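Undergrad: Per the working numbering, the sequence shown starts with residue -18, numbered consecutively. Before we start, here is the structure in question, set down as structure tokens.
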Amino acid sequence: MGIYERLGVRRVINADARLTRLGGSKMPDSVLAAMAEAAESYVDMVELQAAVGFRLADLTRNEAAYVTTGAAAGITLAAMAAINRGDLRLVARSLEGELPERRRIIIQRAHRIPYDVVVRLAGAEIAEVGNALQTFGWELDAAIDERTAMILFITGDHLQSGALPLAEVVAIARARGVPVVVDAAAQLPPVDNLWRFTGRGGVGADAAIFSGGKDLRGPQASGLVVGSAQFLAAMAVNGSPHQRLGRPMKVGKEEMIGLLAAVERYLELDHTAAIADLERSVARWIDRFGSCPGVSAVRQFPDEAGQPAPRIRLSFDEAAAGLDGATVRQRLWEGEPRIHVAADGADGISLSFGTLDGDDQALVADRLTEILVKAAKPATT
Ligand SMILES: *Cc1c(COP(=O)(O)O)cnc(C)c1O
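And the structure:
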């Protein structure tokens, strides 16, 4: 009996994105081996964080890198760094619950997402600029004043329509001495995003933040921050192992070493071949399900997080197929094995193939066929 079965917890075959609520990603052997070895010794954590950061910076063509316990933790620590700039007098006041006036974080309205609120843990106030459809440079410039601590930029193709582009935001912020931090949590692939926002030859943001537990397939509780040495040093001042406000977001030695192993592996992968693989899967599924009665199958690109990777959307005409998207989803989830697919509108579901390995993809296709056959009305003669 497996470790989950003993607890009565069902395993999930995940045909969707790498989601926190489904356990993030599956770690490759090289990452697991590195974490197991890291767990075998005591080590000086400040020294380890610095050495891992140095190596990650080198690998990602950045001035500096810092490991957090997830991208969301990276956003909170970035907000702390922007507010106290790592100045120990301001840090000391923050421990007494006193924050400087300069604690506003500007976010474009077109960028508002459920994760951005974590800046409030740092005591930040959120100031929105622009509207849901557009932001102008003059609006951003006018929104910056002596209370502005940072601009949080959420990246991803699906959020950029109408938003001011990063290069313009950085130019305006630079002129006013305000740091720009990019939430790029789900923006791998493409791999060059690791240096495109912050690194040598990049757009010039102060920091970019990635999830370790998504496409990188590092530990679920890890995040990668890359960027300027000065800004990341201010983040570290607030973070563990120091007994300061960032302390609850402790990063273990296993996560630091595991994330490093994951980034090393990721840089060696053939990403073009991986995308071509996804395209073949999508084409195969369109072939197989597009001709089923009442089912329509279309390729989606970019994917749900705006990444340059294809997915598939299947929609169901209830009268012809005998069931709707929500029912298909429910039957996949309740069946054996348990399968998760994304809801996509009232009549549809959508699937990614990057999370499926071995026989998983064939298994999901067979279960879906079974569900469709059972629901099909018997042909009238
Ligand atoms: C996933 C995600 C996060 C949170 O990342 P964690 O590593 O799970 O903390 C933050 N922002 C965006 C845009 C995300 O997609």
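Each residue gets a CB set at the ideal place from its N, CA and C atoms; glycine is no exception. Quick caveat, the model's predicted, so the values are computed rather than measured.
Could you check which residue in L3, Q168, L240, D284 has the C-alpha nearest to that of H321?
TA: Stepping through the sequence shown from its first residue, residue 321 is reached at position 340. Nearest C-alpha to H321: L3.
Undergrad: Rounded to a whole number of angstroms, what is the C-alpha to C-alpha distance between V12 and T350?
TA: By one-based count along the sequence shown, residue 12 stands at place 31. By one-based count along the sequence shown, residue 350 stands at place 369. Approximately 35 Å between the Cα atoms of the pair.
Undergrad: Using C-beta distances below 6 Å, list every residue in its chain close to A154, excluding the 5 sequence neighbours before and after it, in chain order.
TA: Within the sequence shown, numbered from 1, the residue matching residue 154 stands at position 173. Contacts found: I132, V161.
Undergrad: Over what stretch of residues does the alpha helix (DSSP H) that includes G306 continue unbroken?
TA: As a first step, residue 306 must be located in the sequence shown, where it is residue number 325. If you look at G306, you'll find it in the alpha helix (DSSP H) that goes 306 to 315.
Undergrad: With 16 other CB atoms within 10 Å as the buried threshold, where does S296 fall?
TA: In the sequence shown, residue 296 corresponds to position 315, counting from 1. Buried, by the Cβ-count rule.
Undergrad: Does the beta-carbon of V72 have 16 or more other beta-carbons within 10 angstroms, so that it is buried, or is it exposed?
TA: For the purposes of this step, residue 72 is taken as the residue at position 91 of the sequence shown. V72 counts as buried, since no fewer than 16 other beta carbons sit within 10 angstroms of its beta carbon.
Undergrad: Look at the alpha carbon of N219 and the alpha carbon of V232, and state the distance between them as a whole number of angstroms.
TA: Along the sequence shown, one-based indexing puts residue 219 at 238. Along the sequence shown, one-based indexing puts residue 232 at 251. Approximately 13 Å between the Cα atoms of the pair.
Undergrad: What's the C-alpha gap between A105 and A59?
TA: In the sequence shown, counting from the first residue as 1, residue 105 sits at position 124. In the sequence shown, counting from the first residue as 1, residue 59 sits at position 78. Cα-Cα distance, rounded: 11 Å.
Undergrad: Check for me: the alpha helix (DSSP H) holding N112 runs from which residue to which?
TA: Along the sequence shown, one-based indexing puts residue 112 at 131. Where N112 is concerned, there is no enclosing alpha helix (DSSP H), given that its DSSP letter is neither H nor E.
Undergrad: Under a three-way DSSP split, which group does M237 fall into?
TA: Numbered from 1 along the sequence shown, position 256 holds the residue referred to as residue 237. Reduced to three states, the DSSP call for M237 is helix.
Undergrad: When burial is assigned at 16 or more other CB atoms within 10 Å of the CB, is S22 buried or exposed?
TA: Along the sequence shown, read from residue 1 onward, the residue named residue 22 stands at position 41. Its Cβ having fewer than 16 others within 10 Å, S22 is exposed.
Undergrad: What does the Cβ neighbour count give for G306, buried or exposed, with the cut at 16 atoms within 10 Å?
TA: To locate residue 306, count along the sequence shown from 1; it is residue 325. Per the 10 Å Cβ criterion, buried.
Undergrad: Helix, strand or coil for V161, going by three-state DSSP, please let me know.
TA: Numbered from its first residue, the sequence shown carries residue 161 at position 180. DSSP places V161 in strand when its eight states are reduced to three.
Undergrad: Count the other CB atoms within 10 Å of the CB of S221; is the residue buried (16 or more) or exposed (fewer)?
TA: On the sequence shown, residue 221 is found 240 positions in, with the first residue counted as 1. S221 should be labelled buried.
Undergrad: Measuring CB to CB, does K56 end up less than 8 Å from I190?
TA: For the purposes of this step, residue 56 is taken as the residue at position 75 of the sequence shown. For the purposes of this step, residue 190 is taken as the residue at position 209 of the sequence shown. Note that residue 56 is Ile in the sequence shown here, rather than Lys. The Cβ atoms of I56 and I190 sit closer than 8 Å to each other.
Undergrad: To the nearest angstrom, how far is the alpha carbon of I(-6) from that of E82?
TA: In the sequence shown, the residue the question calls residue -6 occupies position 13. In the sequence shown, the residue the question calls residue 82 occupies position 101. One alpha carbon belongs to I(-6), the other to E82, and they sit about 48 Å apart.
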